[in-house]
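Chains as they are written, first to last, in our numbering: chain F, 1 to 111; chain E, 1 to 113. A virtual CB, placed ideally from N, CA and C, is assigned to each residue, including glycine. This report concerns only the one structure given below.
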Amino acid sequence: QKEVEQDPGPLSVPEGAIVSLNCTYSNSAFQYFMWYRQYSRKGPELLMYTYSSGNKEDGRFTAQVDKSSKYISLFIRDSQPSDSATYLCAMSGTGRRALTFGSGTRLQVQP
Amino acid sequence: DTEVTQTPKHLVMGMTNKKSLKCEQHMGHRAMYWYKQKAKKPPELMFVYSYEKLSINESVPSRFSPECPNSSLLNLHLHALQPEDSALYLCASSQGGEAPNLFFGSGTQLSVL
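Written out as structure tokens, the structure is:
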């Protein structure tokens, strides 16, 4: 079993839809949770960063962490064609600086 | 300046060549990273430098040799690579300490012939 599981998609939605992206994980030591957006042949761009459980909102993006269920989510409101990209969840525990990535979900927003 | 700059953006090299990838950041970050990413796969960690010292080496073959000349610069020296080493090589930096939120460069797309 992988430490971090993420549905690879592709996920196709119409413009304006609410998008829900999710990851599950098995390592209870994970404390830091991140979402990255990656366009083709470009480096990942940090979208959201959360420490421990809870919600965080930034514009059209909301990140949720439920440590009791080992489940994290990213919601995108009013999705735009420019949101079409691969979304990677990533997480890390205390004492280890390196990230463990999910496999990425490819999102397509249709105009 | 919130950028991590990588050069070159594209590199084609033969198996007998020696080349170097360069990375620069001016955010005052004290940790720098090299990742390798194959198509449709997540990034894989290669090396971590913390305060200019190599702190993690993920059992990377010796044909990849990292170097951190100062806190703003990170190099990856390449020698005698194999075609399967063709990938996107990503540099990243973070503040150091506990917070591991990494900022990535755009990467170097490497092709080994």
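So what's SER94 (chain E) in DSSP terms, helix, strand or just coil?
DSSP places SER94 (chain E) in the strand class (E or B) of the three-state scheme.
Say whether chain F places a C-beta atom closer than 9 angstroms to the C-beta of PRO100 (chain E).
Contact with chain F is found for PRO100 (chain E), since one of that chain's Cβ atoms lies less than 9 angstroms from the residue's Cβ.
Nearest to LEU88 (chain E) by CA position, among F:LYS42, F:LEU99, F:SER28, is which residue?
Taking only the C-alpha atoms, the option nearest LEU88 (chain E) is F:LYS42.
I'd like to confirm the pairing. Which residues does DSSP put opposite VAL19 (chain F) in its beta bridges?
Answer by DSSP bridge pairing, in chain order: F:ILE76.
Since LEU11 (chain F) and LEU74 (chain F) are thought to touch, with beta carbons under 8 angstroms apart, how far apart are those beta carbons, to the nearest angstrom?
With a Cβ gap of about 12 angstroms, LEU11 (chain F) and LEU74 (chain F) do not count as contacting.
Would SER28 (chain F) count as contacting chain E if we go by Cβ distances under 9 angstroms?
Cβ-Cβ to chain E under 9 angstroms: no for SER28 (chain F).
May I ask which residues mark the beginning and end of the beta strand (DSSP E) holding ARG63 (chain E)?
Segment: none, ARG63 (chain E) is in no beta strand (DSSP E) and carries neither H nor E.
When F:ASP66, F:MET48, F:GLY9 are compared against GLY54 (chain F), the one with the closest alpha-carbon:
Taking the Cα of GLY54 (chain F) as reference, the smallest distance to any Cα among F:ASP66, F:MET48, F:GLY9 is reached at F:ASP66.
Since PRO66 (chain E) meets chain F, which of its residues come closer than 7 angstroms, beta carbon to beta carbon?
Simply none; closest approach about 14 angstroms.
Inter-stretch contact (C-beta, 8 angstroms, three-pair minimum) for the stretch 2-10 of chain E and the stretch 19-36 of chain E
Here the stretch 2-10 of chain E lies against the stretch 19-36 of chain E, with 3 or more beta-carbon pairs under 8 angstroms apart.
Classify LYS40 (chain E) as buried or exposed, calling it buried when 16 or more other Cβ atoms lie within 10 Å of its own Cβ.
By the neighbour-count rule (16 or more Cβ atoms within 10 Å), LYS40 (chain E) is not buried but exposed.
Taking 8 angstroms as the cut-off, does the CB of THR7 (chain E) come closer than this to any heavy atom belonging to the ligand FAD?
As presented, the structure is devoid of all ligands, the ligand FAD included, so that no description of it is given.
Report buried or exposed for ILE18 (chain F), applying the criterion of at least 16 other Cβ atoms within 10 angstroms of its Cβ.
By the 10 Å Cβ count, ILE18 (chain F) comes out exposed.
Run through chain E and tell me which residues come within less than 7 angstroms of GLY43 (chain F), C-beta to C-beta.
By Cβ distance, chain E contributes LEU90, PHE104, GLY105, SER106, GLY107.
Would you say PHE61 (chain F) lies against chain E (beta-carbon separation less than 9 angstroms)?
With 9 angstroms as the cut-off, PHE61 (chain F) does not count as an interface residue toward chain E.
Where SER20 (chain E) falls: helix, strand or coil (DSSP):
The answer is strand: DSSP assigns SER20 (chain E) an E or B state.
Chain-ordered neighbours of SER92 (chain F) on chain E, where CB pairs are closer than 8 angstroms
Under the 8 angstroms cutoff, chain E gives PRO100.
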